[in-house]
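The sequence shown begins at 1 in the UniProt record's numbering and counts up one residue at a time.
Step one of this worksheet: look at the structure below.
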Amino acid sequence: MTFQAQAFPVSPISPVQTSSDIVQVRGGCGLGWHRGPYGGCRRNWARGARAFAGPRCWFRRTPWGPRRVCRW
Numbered sequence: 001m002t003f004q005a006q007a008f009p010v011s012p013i014s015p016v017q018t019s020s021d022i023v024q025v026r027g028g029c030g031l032g033w034h035r036g037p038y039g040g041c042r043r044n045w046a047r048g049a050r051a052f053a054g055p056r057c058w059f060r061r062t063p064w065g066p067r068r069v070c071r072w
């Protein structure tokens, strides 16, 4: 038995411009959104000034030890 090797066809030097139905979005979140520090999508703008200026994070006791709880 003999086997012959066949080469992969060579593509043209200049890429062919084709239209695509796929729209690439930066970061996968969409226009007006960005990735947050933990990978979730967040808005690029704020909701406005906060009326309450209390502490945002505190520690709460749990059966497994203290846990940090933050209000966003």
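The beta-carbon is built from N, C-alpha and C at its ideal position, and this holds for glycine as well.
Take Cys57, set aside five residues on each side of it, and the residues of its chain with a beta-carbon closer than 8 angstroms to its own are Arg68, Val69, Cys70 and Arg71, in chain order. Taking 8 angstroms as the cut-off, the Cβ atoms of Gly32 and Arg43 count as close.
Taken through DSSP and simplified to helix, strand or coil, Gly28 comes out as helix. Where Thr62 is concerned, the enclosing beta strand (DSSP E) starts and stops at Cys57 to Thr62.
Ranked by Cα distance from Gly27, the options Phe59, Thr2 and Gly39 are led by Gly39.
Sequence-distant Cβ neighbours of Trp45 in its own chain, meaning closer than 8 angstroms and more than five residues away, are Gly32.
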